[in-house]
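Colleague: Protein chains in written order, with my numbering: chain A, 1 to 145; chain B, 146 to 290.
For glycine and all other residues, C-beta sits at the position ideal for the given N, C-alpha and C.
On a predicted model such as this, the values are computed, not experimentally measured, just so you know.
2 protein chains.
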Amino acid sequence: MIKKESTMTISEWEIMRIVWTLGEVTSHQLIHIMSKKQLWTPSTIKTLLSRLQKKGFLIHNGAVRDRLYSPTISEHDATSQTLSQTVQMMCTKCVGPALVNVINETTLTKRDITKLISMLENKKITASTSIACNCMPKNQEDLSL
Amino acid sequence: MIKKESTMTISEWEIMRIVWTLGEVTSHQLIHIMSKKQLWTPSTIKTLLSRLQKKGFLIHNGAVRDRLYSPTISEHDATSQTLSQTVQMMCTKCVGPALVNVINETTLTKRDITKLISMLENKKITASTSIACNCMPKNQEDLSL
DNA sequence: CTTTTAAGTCTACAAATGTAAACTATAGAT
DNA sequence: ATCTATAGTTTACATTTGTAGACTTAAAAG
């Protein structure tokens, strides 16, 4: 079966961040936490919760009331996937510089940095000085019309 | 005046990639190119073109007909900005690993790699072993209810 | 046991997005 | 000068998203 590959919206992502942090949450907790932080009413939280379930990002223990909601995907995985998807729609030539920029403005742990450096040192060996732009399919570059 | 900070949608981004590549385009070219690549009709292309103008991402030379559309933002800038925005909605703790992942699966030029490494070497000096998670505002961690 | 509170479900509604047809007017063809 | 193809403009319509009220029902309070 084909994965429907539904994505989280910004608002849904906000909810998920709390769920990820707490592991298991009741709507009660969500409502309490989010109603302060955001300008969301309990209704809105409930709707978001429903949609996240429909999309398969949340499940709950069968309780009829005060059920515990939990994520079906880890925050790390979701983060990686989302970032990958974003990068994939971009021009291969622009991604490098953009990553330089992002990394520059991101706080990283020593561990991450070490990992990145070793990974990059490795890539450096086979890297070329330029990469092809994938902005337009090759065959359609005849614009003479 | 406050920047309206409108964002490009996926479809709009597709159009922009062609515009960025060509620098200046007529709708004619876009229609020709995109109708093959995507399953878009001329109408759809025109709509997207209109919206991109309304959002301020495209302008055109005043021609009444066969006008030339051009971008108001460079592809590099748009790419960087979009990536930054994406990263900003994510948990600071997850961004590092996600970046490791993305960089692993991304083709980079020697130049980019060198830049990244030197930047990282620098960051390494002041980096700590762990960073605070920004998933939930500190004050709202009392979930005792 | 009755009342109240609130969790979960349904319905609502505007704005944004994906997708495109209909209409208008003009540059180029005849 | 008239016709035709089509660039640009309007209108359209289903889905998704942001946001939330209304309704139902069970748990907690009294």
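Count Cβ pairs between the region 232-241 of chain B and the region 105-117 of chain A that sit closer than 8 Å; are there 3 or more?
Modeller: Verdict: yes, contact present.
Colleague: Taking the beta strand (DSSP E) that residue 73 of chain A falls in, what are its first and last residues?
Modeller: Note, residue 73 of chain A: premise wrong, no beta strand (DSSP E); not H, not E.
Colleague: Measuring straight from C-alpha to C-alpha, what distance separates residue 196 of chain B and residue 55 of chain A?
Modeller: Taking the straight line joining both Cα atoms gives about 29 Å.
Colleague: Take residue 227 of chain A and list the residues in its own chain whose beta-carbon comes closer than 7 Å to its own, dropping the five residues that flank it on each side.
Modeller: Here chain A comprises residues numbered 1 to 145, so residue 227 of chain A is not present and cannot be evaluated.
Colleague: Alpha carbon to alpha carbon, how far is residue 208 of chain B from residue 80 of chain A? Give it in angstroms, no decimals.
Modeller: Near 45 Å, if we compare the C-alpha coordinates of residue 208 of chain B and residue 80 of chain A.
Colleague: For residue 31 of chain A, write down the residues that DSSP places opposite it in a beta bridge.
Modeller: Answer by DSSP bridge pairing: none, since residue 31 of chain A is not bridged.
Colleague: Give the DSSP-derived three-state secondary structure of residue 68 of chain A in the structure shown.
Modeller: If DSSP states are grouped into helix, strand and coil, residue 68 of chain A belongs with coil.
Colleague: Counting only beta-carbon separations shorter than 7 Å, does residue 101 of chain A have a partner in chain B?
Modeller: By this cut-off, residue 101 of chain A is an interface position.
Colleague: Mind checking residue 17 of chain A: buried by the 16 CB within 10 Å criterion, or exposed?
Modeller: Its Cβ being crowded by 16 or more others within 10 Å, residue 17 of chain A is buried.
Colleague: Would you tell me roughly how many angstroms separate the C-alpha atoms of residue 72 of chain A and residue 250 of chain B, rounded to the nearest one?
Modeller: Answer to the nearest angstrom: the Cα atoms are 24 Å apart.
Colleague: How is the beta strand (DSSP E) around residue 204 of chain B delimited, first residue to last?
Modeller: Where residue 204 of chain B is concerned, the enclosing beta strand (DSSP E) stretches over 203-205.
Colleague: Tell me whether the beta-carbon of residue 265 of chain B lies closer than 7 Å to the beta-carbon of residue 99 of chain A.
Modeller: The answer is no: Cβ separation not under 7 Å.
Colleague: Should residue 277 of chain B be labelled buried (16 or more other beta-carbon atoms within 10 Å of its own) or exposed?
Modeller: Residue 277 of chain B comes out exposed.
Colleague: Would you report the Cα separation of residue 152 of chain B and residue 263 of chain B, rounded to the nearest angstrom?
Modeller: Straight-line Cα distance between these residues: approximately 32 Å.
Colleague: When Cβ atoms are compared, which residues of the region 204-226 of chain B fall closer than 7 Å to chain A?
Modeller: Cβ contacts with chain A come from 220, 221, 224, 225.
Colleague: Pull out every residue of the region 264-284 of chain B whose Cβ sits closer than 8 Å to any Cβ of chain A, in chain order.
Modeller: Cβ contacts with chain A come from 264, 265, 266, 268, 269, 272, 273, 274, 275, 276, 278, 280, 281, 282.
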